[in-house]
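Here is the structure we will look at.
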Amino acid sequence: MKQLIAFICISVSLVFAPSSLFAAEKAQAPQVRIESELEKKIRIVASMLRCPVCQGESVYDSHADVAVEMKRLIADKIKAGQSNEEILTYFKDRYGNFILMEPPTEGLHWVIWVFPIFMALLGALFLFQNLKASAQDIKDPHLDNFDQDGQSDDLSTEEVTDIKELRL
Amino acid sequence: MTTEPQKIAEPQKVIRWWHFALIGVMIMMFILFAAGLGRDTKFIPSPLVGKPAFDFDLKQLGKESNIKLSDYKGKIVILNFWASWCVTCREEHHVLLEAANALQPKGTVQFLGVNSKDTDKGAFGFMDKRGHFPYPSVIDRQGRMALEYGVYGMPETFFINKDGVIAAKHIGALTHKILADKLKQAEAVQ
Amino acid sequence: MSGSLIEIGLGATSLSLIIAIASMILAFLALQRGAPSFLHAARHGMILIAVLTTIACFTIIWSFVIKDYSVLYVAQNSNSQLPLLYRITALWGAHEGSLMLWLWFLAMFSAIAVYIHWKSHPLSMPYVIMSLAGLQIGFMVFILFLSNPFIEVHPALPDGRDLNPLLQDPGLAFHPPTLYMGYVAFSIPFAFAIAALARGQSGREWVVTTRRWTLFAWVTLTSGILLGGYWAYYELGWGGYWAWDPVENASLMPWLTGTAFLHSIMAQDQRNLFQTWNVFLVITTFALSLLGTFLVRSGVLTSVHSFAADPGRGAYILGFLIVVSVIAYGLLVWRGHRLIGPHKVSNLISRESALLYNNLLFVAAAIIVLTGTLYPLAIEVLTGERVSVAAPYFNKVMAPVMLGIVLLMGLGPLIPWRKSSYKKMQKQFSIPLGLALFISLVAYLLGATDVIALIAIGLVGFVFAATLLDIIGAVRAHMKVTDKSWFSSLSILAGNNQRRYGGFIVHLGTLVLIIGVIGSAFFKEEATVNMKPGDQIVSGPYTLSYKTIVPQKGPNYSERMAYFEWKKDDGTTGSLTPSKRNYPVTQTVTTEASIHSTLLGDLYVVLGNEHGKGEVTTRVFWNPLVNWVWIGWMIVLFGVLFAMTKRAPKIVSTPKSEPAKEAIA
C-alpha cells in the first residue's frame with residue numbers, strides 16, 4: 000500500500016514537475032523546501048566559525064546580527080566559487096584564530112592536539128610498569144589465602160556469597 | 000572492627016614522582032589563574048594590525064558622493080565604527096567630537112566614521128540628539144565593511160598611519176587617553 | 000517592616016560566621032585538650048548554622064515574593080511582572096543568591112553528616128567538623144564581604160530590573176540548585192578524606208560513608224548536568240543539549256573524577272586497594288567543584304553562562320581554592336603513604352585491573368576536558384593570542400576515551416576479582432562480541448558510515464548482551480540451587496546484592512543514554528531554510544508546512560509566533576509553534592523552539608530572522624532517539640536509588656561510648 004502511494008506520488012510529481020518549475024520562476028508559489036547544496040555548504044563552513052559576539056556558539060548556531068551577516072557573506076563567497084578553506088582563511092585573517100571553533104594545527108597549537116596522544120602514551124607506560132610489578136607480585140602470600148576458598152569461577156564473589164547464604 | 004581499625008605499623012615515607020607532578024601541576028595552574036584574573040577579557044588582538052587597511056569606496060552618509068580610504072593617503076586616519084543602536088557608542092561620542100575638533104585642524108589627522116548596520120534615519124536621529132560629527136561617515140548598510148575589518152562589536156576604532164597601514168585598534172568606548180596613546184602608535188609607525 | 004526582615008537574614012548569616020569560627024576552634028580544642036564537651040559544642044554549632052542559614056535564605060526568598068525593591072538583589076533580579084515561580088527561583092538568578100544557596104546546602108549537609116555519622120566516626124569527627132566549618136567560613140566571608148545579597152537601597156526602587164529571560168524557564172528553575180547540590184555534597188566525602196589523611200587511616204566505615212555521600216553527590220550532579228542539557232535543548236534553540244561550553248565543562252570535570260571514585264572505591268572495599276588514590280580522587284573531585292565555581296564566577300573564561308564577572312570576587316575564590324588545595328593535597332603528599340595497605344593489583348585480567356583501567360580513562364577524560372578548557376587562557380597568558388577550543392575539538396578527542404569507557408562497562412563488572420584468564424574471557428565474551436560485530440554490520444548496511452558511530456553502536460550491543468548474559472547466568476545458577484522461578488530468583492539475587500544490581504541498572508541506564516547520544520549526534524538531520532507561508536520541508540519521517548506568523552502577548556514579553564503543521568509518513572498530523580520573544584524590560588530577544596517529541600525522535604523547529612511578507616528563516620531538526628538521553632537518566636536515577644536503599648553493612652559491635660570520650664582515650 001505504502002509503495003503504491005509512493006509510486007503515485009512520484010508519478011504525479013513527475014507529471015507536474017515542469018509546471019512546478021514554472022511556479023518556482025514566479026517565486027511566490029509555495030514549494031517543498033529541502034536544504035540546497037548552498038545551504039548545506041553554508042552550514043558546514045558556518046559551523047567551523049565562532050560567533051564573534053556570543054563567544055560560545057558557532058556562527059551557524061547563533062542568531063546574533065553579526066552571525067547572520069557572516070552567513071550571508073559566506074553564501075556570497077560560496078556562490079563566487081570560493082572553497083571552504085578560502086572562506087575560513089578570509090575570516091582568520093581578519094579576526095585571528097579566535098574566530099575558529101578549534102585551534103588550528105599549526106605552530107604552538109600542536110600542543111593541544113598532541114596532548115591527548117601524549118596522555119595515552121603515559122597511560123600505556125603506567126600500565127606497562129604495573130604489568131612488570133604484578134608479574135613480581137604473583138607470589139603475594141595474601142593471594143594464596145584467598146585462592147583457597149574454592150569458589151566457582153563463573154560467578155562473581157557476591158553471587159557466590161548469596162548462594163552460600165541461601166543454602167544455610 | 001569496633002571502630003576504625005588501629006594502624007599496625009607506620010609505613011615508610013617515600014617521596015614519589017607523583018608528589019612532584021602534583022605539586023608542579025598545582026603551582027602552574029594557580030599561576031595561570033592568577034595571571035588570567037588581571038587581564039581584560041574583552042581585548043582580542045587583531046591580526047590586521049601592521050597590515051595595509053582595506054581600501055573601501057563607499058557612499059557618504061547624507062551625501063551623494065562616495066568616499067575612498069585612499070582619498071586620505073598621507074594623513075593618519077582614525078576610522079570609527081558606530082551605529083545608532085549601539086549603547087557604548089553614546090559613551091564615547093563626546094570624546095570623538097572633542098578630539099576631532101582639536102586634532103583635525105592641524106591637517107595631519109583625519110577622522111572617518113563608518114555607520115554600520117544602521118539606517119539613515121537612525122544615524123541622523125543619533126547625531127541630531129548628541130551632536131553631529133565634525134567629519135564624514137560612510138554607510139555600511141549590511142555590515143560587510145565591519146566583517147572586512149574584523150569588527151567584533153561596536154564601537155571599534157582603527158588607527159591607520161600615513162602609509163595606509165593599520166597601526167592600532169581599540170575595541171569598546173574610546174577615552175581621550177586611549178585615543179592619544181593609539182594615535183602616538185600611528186604616528187610612530189613608519 | 001520588610002527592611003528589617005532582610006536585616007534578620009544579614010544578622011543570621013553574620014552570626015553563622017561567628018559560630019562557624021567558634022565550632023572550628025572548639026573542634027580543634029577538643030582534639031588538643033581532649034575535652035568532649037568542646038566537640039559537643041562544635042556539633043551544636045554546626046546544627047545551629049544550618050538553622051540560621053535556612054532563615055537567611057528564607058528572608059531573601061520572602062523579599063522576592065513580596066516584591067521588596069528596597070533589597071538591591073531583589074531589585075536587580077526580578078520585576079513586578081515576573082510570575083511567582085520565577086520570583087522564587089530568582090534567588091539563584093545571579094551571583095550573590097547562588098552563593099547563598101551554596102552556603103545553605105553546605106550548612107545543611109554538614110549538619111546532617113555530623114548528626115548521622117557522630118557515632119560511627121568518633122575519631123574522625125573533630126577533623127570532619129574542622130574541615131566543614133572551614134569551608135563554611137570561606138563561603139560566609141565571601142558572602143558577607145564580597146557578594147552580599149542583603150544590601151538595601153533607601154529609598155526603595157519603584158520597580159526591579161527583570162530576571163535574565165534565559166532563566167525564566169521551568170527547566171532552569173531546577174538546574175542550578177541541583178548542580179550546586181551535587182557540587183556541595185562532595186564536600187562531605189572531602190571532609191572525611193581530610194580526616195582519613197589526618198588520622199592516617201581510611202577504614203571500613205570510611206569506605207561506606209564516603210561512598211554513600213559520593214553516590215548521592217554523583218547522582219545529584221548527574222541530574223544537574225542533564226537538567227542543564229535538557230534546558231539548553233529546548234531553550235537555547237540550537238537543537239543540541241551539550242555544547243562543551245566552559246561552564247558545562249566545569250560541571251563535567253568533577254563528574255568524571257567522581258565517577259572514577261565510585262568505581263575505584265569498590266577495589267578498596269573488596270580488596271583493600273587504591274587507598275591513597277581514592278583519597279586523591281575525593282579531594283580532586285571537590286577541588287574541581289570549587290574550580291568550576293571559580294571559572295564560572297571570576298570571568299576568567301568567557302562563556303555564554305558567566306553572567307556576572309568580577310575580578311575581585313575571582314581573586315577571593317582563587318585564594319580560597321588555593322588554601323583548600325594546599326591543605327588537602329599537602330596532607331595527601333605528606334601523609335598519603337600511611338593509608339596504603341599491603342595488597343597490590345595481582346593480575347592484569349581481573350576486576351581490580353579493570354577498575355584501574357576505568358580510572359585511567361575517567362581521569363584522562365577529566366584531564367582532557369581541563370586542558371581543553373584552560374588552553375585558551377594559557378595561550379593568552381603566554382603569547383597574548385586568543386584562540387577558541389570548542390565543541391569540534393572535544394568531540395574529536397573525547398570520542399575514543401568514551402568508547403574505551405563503554406567497552407570497560409561491559410567487561411569490568413563481569414570479570415572476577417583477583418584473576419581471570421583469556422580463556423575464561425573468551426567463553427564469557429564471544430557471544431556478545433559476535434553480536435556487536437553483527438549489529439555494527441547491520442548499521443553499516445543500513446547506511447551508517449561514521450566509524451566512531453559504528454564502533455559505538457557495536458559497543459552498546461556488546462555491553463548490553465554481556466551484562467544480560469551475565470545476569471541470566473546468575474539467575475540460572477540460582478534457579479538450579481533453589482528450584483525457584485526465574486523471576487523470584489532474579490528478585491532474590493538483586494535484593495541480596497543491591498549494590499551490584501543497582502550498578503547494573505545504572506549501567507543499563509547509561510547505555511540507554513548513550514544510545515540517545517549516538518542517535519542524536521550521528522544521525523541528526525538539520526536544515527536551515529528561508530520559508531514563505533505555504534512552503535514545506537521534509538525532515539526525518541516528517542513533512543513540515545509553514546502556515547503563518549502572528550504577534551502574541553505574554554505576561555512580561557511580546558512574541559512573534561509561527562504556526563507550522565507537520566505530517567508524519569504514517570499519516571499522523573500535528574502542529575508546532577516556535578516563536579521569538581522580546582522582553583522589553585531587559586531588552587533581550589529569546590528564541591523559543593517548538594518540539595514534537597516521540598520515543599523515536601524529536602521534530603524540532605526554531606525561528607531565525609524574518610524577511611517580510613511572512614518569510615522567515617527556519618531551522619528544522621530531526622533528532623533521532625534524543626529522548627533516550629532523558630529516559631536513560633531516569634533509569635540511572637532508579638539504579639542509584641536501588642543501590643542506596645541497601646542498609647549500611649552491619650558493624651560487628653557499635654561503639655556504645657560517647658564519641659568525644661573515645662577521641663580522648
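The listed protein sequences derive, respectively, from chains A, B and C.
Here numbering that gives the first Met the number 0 is used: the first sequence runs in plain steps of one and ends on residue 167.
Here numbering that gives the first Met the number 0 is used: the second sequence runs in plain steps of one and ends on residue 189.
Here numbering that gives the first Met the number 0 is used: the third sequence runs in plain steps of one and ends on residue 664.
Ideal placement from N, C-alpha and C gives every residue a C-beta, glycine not left out.
Proximity winner among the options, relative to residue i (alpha-carbon distances)
{"i": "residue 58 of chain B", "options": "B/114, B/176, B/51, B/78", "result": "B/114"}
{"i": "residue 243 of chain C", "options": "C/256, C/158, C/227", "result": "C/227"}
{"i": "residue 91 of chain B", "options": "B/110, B/149, B/67, B/171", "result": "B/171"}
{"i": "residue 75 of chain C", "options": "C/152, C/361, C/612", "result": "C/152"}
{"i": "residue 137 of chain B", "options": "B/50, B/178, B/65, B/149", "result": "B/65"}
{"i": "residue 252 of chain C", "options": "C/230, C/428, C/368, C/239", "result": "C/368"}
{"i": "residue 535 of chain C", "options": "C/520, C/466, C/619, C/599", "result": "C/619"}
{"i": "residue 355 of chain C", "options": "C/510, C/622, C/280", "result": "C/280"}
{"i": "residue 283 of chain C", "options": "C/348, C/188, C/174, C/199", "result": "C/188"}
{"i": "residue 31 of chain C", "options": "C/537, C/5, C/125", "result": "C/125"}
{"i": "residue 216 of chain C", "options": "C/392, C/180, C/237, C/554", "result": "C/180"}
{"i": "residue 277 of chain C", "options": "C/267, C/285, C/392", "result": "C/267"}
{"i": "residue 126 of chain A", "options": "C/352, C/597, C/432", "result": "C/352"}
{"i": "residue 157 of chain B", "options": "B/182, B/60, B/98", "result": "B/182"}
{"i": "residue 70 of chain B", "options": "B/161, B/17, B/104", "result": "B/161"}
{"i": "residue 51 of chain C", "options": "C/577, C/7, C/64", "result": "C/7"}
Min CB distance residue i to chain C below 8 Å
{"i": "residue 83 of chain A", "result": "no"}
{"i": "residue 33 of chain B", "result": "yes"}
{"i": "residue 146 of chain B", "result": "no"}
{"i": "residue 38 of chain A", "result": "yes"}
{"i": "residue 157 of chain B", "result": "no"}
Residue-chain proximity (residue i, chain B), Cβ-Cβ < 8 Å
{"i": "residue 210 of chain C", "result": "no"}
{"i": "residue 6 of chain C", "result": "no"}
{"i": "residue 42 of chain C", "result": "no"}
{"i": "residue 302 of chain C", "result": "Since pLDDT at residue 302 of chain C reaches only 45, below the 50 mark, its modelled position is unreliable, and the value read off the structure follows with that caveat. False, the Cβ-Cβ gap to chain B never drops below 8 Å."}
{"i": "residue 314 of chain C", "result": "yes"}
{"i": "residue 328 of chain C", "result": "yes"}
{"i": "residue 52 of chain A", "result": "yes"}
{"i": "residue 69 of chain A", "result": "yes"}
{"i": "residue 64 of chain A", "result": "yes"}
Distance between beta carbons of residue j and residue i, contact taken as under 8 Å
{"i": "residue 584 of chain C", "j": "residue 593 of chain C", "result": "Not quite, the Cβ-Cβ distance comes to about 24 Å (not below 8 Å), so this is no contact."}
{"i": "residue 109 of chain C", "j": "residue 45 of chain C", "result": "5 Å"}
{"i": "residue 55 of chain B", "j": "residue 74 of chain B", "result": "In fact, because the Cβ distance is near 16 Å, the residues do not count as touching under 8 Å."}
{"i": "residue 547 of chain C", "j": "residue 613 of chain C", "result": "6 Å"}
Cβ-based burial, residue i [other Cβ within 10 Å; buried from 16]
{"i": "residue 94 of chain A", "result": "buried"}
{"i": "residue 13 of chain B", "result": "exposed"}
{"i": "residue 56 of chain A", "result": "buried"}
{"i": "residue 168 of chain B", "result": "buried"}
{"i": "residue 79 of chain B", "result": "buried"}
{"i": "residue 138 of chain A", "result": "With a pLDDT of only 44 at residue 138 of chain A, under 50, the local geometry of the prediction cannot be trusted, and no value is derived from it."}
{"i": "residue 73 of chain C", "result": "buried"}
{"i": "residue 60 of chain A", "result": "buried"}
{"i": "residue 26 of chain A", "result": "For residue 26 of chain A, the predicted structure reports a pLDDT of 44, less than 50, and the residue's modelled location is therefore unreliable. A value from the coordinates is still provided. The residue is exposed, with fewer than 16 neighbouring Cβ atoms inside 10 Å."}
{"i": "residue 683 of chain C", "result": "Outside the modelled stretch of chain C, which goes from 0 to 664, sits residue 683 of chain C, for which no answer is possible."}
Residue-chain proximity (residue i, chain A), Cβ-Cβ < 8 Å
{"i": "residue 45 of chain B", "result": "yes"}
{"i": "residue 142 of chain B", "result": "yes"}
{"i": "residue 534 of chain C", "result": "yes"}
{"i": "residue 611 of chain C", "result": "no"}
{"i": "residue 549 of chain C", "result": "no"}
{"i": "residue 374 of chain C", "result": "yes"}
Pick out the complete beta strand (DSSP E) segments inside the region 557 to 623 of chain C, 3 residues or longer, and give them in chain order. 557 to 567, 572 to 575, 578 to 582, 587 to 591, 593 to 596, 600 to 609, 615 to 623
What are the start and end residues of each continuous beta strand (DSSP E) run of 3 or more residues lying completely inside the region 422 to 501 of chain C, in chain order? Fully enclosed beta strand (DSSP E) runs of 3 or longer: not present.
Mind listing, in chain order, the continuous alpha helix (DSSP H) runs of no fewer than 4 residues lying wholly within the region 120 to 182 of chain B? 143 to 147
Unbroken stretches of the alpha helix (DSSP H), 4 residues or longer, contained in the region 41 to 82 of chain C: 71 to 76
Ranges of the beta strand (DSSP E) found wholly within the region 10 to 77 of chain B, counting only runs of at least 3: 56 to 58, 65 to 67
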